[in-house]
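S.K.: Below you will find the structure I want to go over with you.
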Amino acid sequence: MRHLLAHERPIVAYLFELAGISADIDALIVKPMSAGGMGSLFIASFDSSRKLGSSPAECHFHDLDGVSVSAELNLDQDGRPFEIDIWRVDFAPTVGCPLRAELMAGPPNNSFKPTPPRDVA
Numbered sequence: 002m003r004h005l006l007a008h009e010r011p012i013v014a015y016l017f018e019l020a021g022i023s024a025d026i027d028a029l030i031v032k033p034m035s036a037g038g039m040g041s042l043f044i045a046s047f048d049s050s051r052k053l054g055s056s057p058a059e060c061h062f063h064d065l066d067g068v069s070v071s072a073e074l075n076l077d078q079d080g081r082p083f084e085i086d087i088w089r090v091d092f093a094p095t096v097g098c099p100l101r102a103e104l105m106a107g108p109p110n111n112s113f114k115p116t117p118p119r120d121v122a
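Add 1 to the 1-based position in the sequence shown for my numbering, that's all there is to it.
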């Protein structure tokens, strides 16, 4: 278990904003999920009886190689943050994390044209 890494913060903060949930992002404790290297995160709680409840926010971005990636905030059955589910449409590991300006509300849509890949410094 750990705090959010700097590159994870833009996605998590944006999803919380879209969902209208105020939370201290600096205080979140997360655990990476084994989801093929896509970047999904379990949001820690000491309550082992938690179950998936609802999905109030979703955004998407184009990975560094132009492939669409979806990020979704899932809440538990009591409306508390449960997980951040990240899914790259080709099921490959994500190549990079987006800048805040590269995040778009809603699910990926095949009518969107990917932005050109950006250089990784």
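Virtual Cβ for every residue (Gly too), placed ideally from N, Cα, C.
Give the range of the alpha helix (DSSP H) segment to which L19 is assigned.
M.R.: Residue 19 sits at position 18 when you count from the first residue of the sequence shown. First-last of the alpha helix (DSSP H) with L19: R10 to A20.
S.K.: Are the CB atoms of A58 and L19 nearer to each other than 8 angstroms?
M.R.: Counted from its first residue, the sequence shown places residue 58 at position 57. Counted from its first residue, the sequence shown places residue 19 at position 18. It is a contact, given that the beta carbons lie within the stated cut-off.
S.K.: For H8, which residues of its own chain have a beta-carbon under 7 angstroms away from its beta-carbon, when the five flanking residues on both sides are left out?
M.R.: Working through the sequence shown from its first residue, we reach residue 8 at position 7. So the qualifying residues of the chain are C98.
S.K.: So, is M39 buried or exposed, given that buried needs 16 or more other C-beta atoms within 10 angstroms?
M.R.: Counted from its first residue, the sequence shown places residue 39 at position 38. Buried, since its Cβ has 16 or more Cβ neighbours within 10 Å.
S.K.: Taking the straight line between their C-alpha atoms, what separation do you get for F132 and L76?
M.R.: The structure shown does not extend to residue 132, since the chain spans only 2 to 122, so no value can be given for it.
S.K.: Expressed to the nearest angstrom, what Euclidean distance is found between the alpha-carbon atoms of A14 and S41?
M.R.: As a working mapping, residue 14 is identified with position 13 in the sequence shown. As a working mapping, residue 41 is identified with position 40 in the sequence shown. Looking at the two C-alpha atoms, the distance is approximately 14 angstroms.
S.K.: Since I believe A28 is in contact with F17 (beta carbons under 8 angstroms), could you give me their beta-carbon distance rounded to a whole number of angstroms?
M.R.: Mapped onto the sequence shown, residue 17 falls at position 16. Mapped onto the sequence shown, residue 28 falls at position 27. In fact, because the Cβ distance is near 12 angstroms, the residues do not count as touching under 8 angstroms.
S.K.: Could you check the C-alpha separation between Q78 and S55 for me, to the nearest Å?
M.R.: Residue 78 sits at position 77 when you count from the first residue of the sequence shown. Residue 55 sits at position 54 when you count from the first residue of the sequence shown. Going from the Cα of Q78 to the Cα of S55 covers about 7 angstroms.
S.K.: Quick check on R81: does DSSP put it in helix, strand or coil?
M.R.: Against the sequence shown, residue 81 aligns to sequence position 80. The answer is coil: DSSP assigns R81 none of H, G, I, E or B.
S.K.: Run the CB neighbour count on I12, radius 10 Å, all protein chains shown included, and call it buried at 16 or more, exposed below.
M.R.: Taking the sequence shown and counting its residues from 1, one reaches residue 12 at position 11. So I12 ends up on the buried side.
S.K.: Figure out for me which residue from P108, V68 and S50 has the closest Cα to the Cα of T95.
M.R.: As a first step, residue 95 must be located in the sequence shown, where it is residue number 94. Ranking P108, V68 and S50 by Cα distance to T95 puts V68 first.
S.K.: Does the beta-carbon distance from A106 to C60 come in below 8 angstroms?
M.R.: Stepping through the sequence shown from its first residue, residue 106 is reached at position 105. Stepping through the sequence shown from its first residue, residue 60 is reached at position 59. Cβ distance < 8 angstroms, so A106 and C60 count as in contact.
S.K.: On the DSSP letters alone, give me the boundaries of the beta strand (DSSP E) that F62 sits inside.
M.R.: The residue you call residue 62 lines up with position 61 of the sequence shown. Looking at the DSSP string, the run of the beta strand (DSSP E) that includes F62 is L53 to H63.
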